[in-house]
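Enquirer:
Residue numbers (my numbering): 62 to 334.
Here's what the structure looks like:
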């Protein structure tokens, strides 16, 4: 298997664009600019391009807080939107624009894709004020957990069977080779090897999270994870033998749910004890 090179210490938190939109026609582009410029005086990025262009761009740039995509002319809009969801953070607020007034399509986009809303053309300034403005200003309800990331837990029947190596190489494949938002959680707080494996200094935020000392929230997690690269992060704990901590009931589940909102893949290296 391929060895994992040491990290170059990029920042875990990047300066993300507030609102990014990809549309397929000049009229929609002009209306979006007129309606959103005052709402987003900084951090507004409107481009021309299909959903394929969106996917290509999201593979290269940090996911924006709000992403507006245009599915007009797509033969299989649901499939292409599912592909898009694999490369953006689950917590991104997604708005879909299309050219079909179809209630079944609307339901599929909202329920199965997890988008905040679907609006069909022609787009007007009044529609932006009523439907897009609450999305941009975070006054709308965030999409449900249908867009949450996948969780993969790996453990062994005893120590030394290679479970940690499998977890590390899988997480590397997802976060680096596949360029997805991925995090590896080294849940062995006493003998975890992940920081050393990826050339990072050991720290112990995971222990604080389990004790309830550190709040578990997607935004705050970005400040405490260790970046292996821009999209692949590590969360670990490091306590000497003999040091104990008081586990706060439910903290592991809360942590997993918070990570699912931030990452497409959550790989857990779980010790056998």
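Where is the CB? At the ideal position from N, CA and C, for every residue including glycine.
All values derive from a computational prediction rather than experimental measurement.
(1) At which residues does the alpha helix (DSSP H) containing residue 167 begin and terminate?
(2) Applying the criterion that 16 or more other CB atoms from any shown protein chain within 10 Å of the CB defines a buried residue, is residue 274 buried or exposed?
(3) Pull up the distance between the alpha-carbon of residue 326 and that of residue 242, whole angstroms please.
(4) Would you mind giving the Cβ-Cβ distance between residue 158 and residue 84, rounded to the nearest angstrom? I have them listed as a contact below 8 Å.
(5) With residue 131 as the anchor, note down where its beta strand (DSSP E) starts and where it stops.
(6) Is it right to say residue 183 is buried, meaning 16 or more other beta carbons lie within 10 angstroms of its own, or is it exposed?
(7) Would you call residue 223 buried or exposed, if buried means 16 or more other Cβ atoms sit within 10 Å of its Cβ?
(8) In terms of residue numbering, what span does the alpha helix (DSSP H) encompassing residue 330 cover?
(9) Give a yes or no on contact between the stretch 159-179 and the stretch 124-136, applying the rule of three or more CB pairs nearer than 8 Å.
(10) Relative to the C-alpha of residue 101, which candidate in 138, 307 and 196 has its C-alpha closest?
(11) Just to confirm, are residue 258 and residue 296 a CB contact at a threshold of 8 Å?
(12) Helix, strand or coil for residue 161? Go by DSSP, reduced to three states.
(13) Report all residues from its chain with a CB closer than 6 Å to the CB of residue 287; omit the five preceding and five following residues, and keep chain order.
(14) Using a Cβ-Cβ cutoff of less than 6 Å, which residues in the same chain neighbour residue 179 once the five nearest sequence positions on both sides are dropped?
(15) Near residue 95, which residues of its chain fall below 7 Å by C-beta distance, leaving aside the five closest residues on each side in sequence?
(16) Three-state secondary structure (DSSP) at residue 271?
(17) From which residue to which residue does the alpha helix (DSSP H) around residue 80 run?
(18) CA-CA distance, residue 302 and residue 264?
(19) Work out the CA separation of residue 150 and residue 115 for me, nearest whole Å.
(20) Got a sec, what are the start and stop residues for the beta strand (DSSP E) residue 297 sits in?
Expert: A quick look at the data gives this:
(1) Following the DSSP letters along the chain, one finds residue 167 inside the alpha helix (DSSP H) bounded by residues 164-169.
(2) Exposed, because fewer than 16 other Cβ atoms sit within 10 Å of the Cβ of residue 274.
(3) If you take the alpha carbons of residue 326 and residue 242, they lie about 7 Å apart.
(4) Sure, about 7 Å apart at Cβ, within 8 Å.
(5) Per DSSP, residue 131 belongs to the beta strand (DSSP E) from 127-131.
(6) It is exposed - the Cβ of residue 183 has fewer than 16 other Cβ atoms within 10 Å.
(7) Residue 223 counts as exposed, since fewer than 16 other C-beta atoms from the protein chains shown sit within 10 angstroms of its C-beta.
(8) In the DSSP assignment, residue 330 falls outside any alpha helix (DSSP H) and lies within the beta strand (DSSP E) extending over 326-330.
(9) A contact is defined here as three or more CB-CB pairs under 8 Å, and the stretch 159-179 meets this definition with respect to the stretch 124-136.
(10) Ranking the options by Cα distance to residue 101, first place goes to 196.
(11) With respect to residue 296, residue 258 sits apart: the two C-beta atoms are not nearer than 8 Å.
(12) DSSP places residue 161 in coil when its eight states are reduced to three.
(13) Beyond the five residues adjoining it in sequence on each side, residue 287 comes within less than 6 Å, by CB distance, of 261 and 295 in the same chain, given in chain order.
(14) Answer for residue 179: 157, 167 and 170, listed in chain order.
(15) Counting only Cβ-Cβ distances below 7 Å, and skipping sequence neighbours, we find 186.
(16) Residue 271 falls in the helix class under three-state DSSP.
(17) That residue, residue 80, is in no alpha helix (DSSP H); its beta strand (DSSP E) goes 80-84.
(18) In a straight line, the C-alpha of residue 302 is about 15 Å away from that of residue 264.
(19) Looking at the backbone, the Cα of residue 115 and that of residue 150 are separated by about 13 Å.
(20) Taken as a continuous stretch (DSSP letters only), the beta strand (DSSP E) holding residue 297 covers 293-297.
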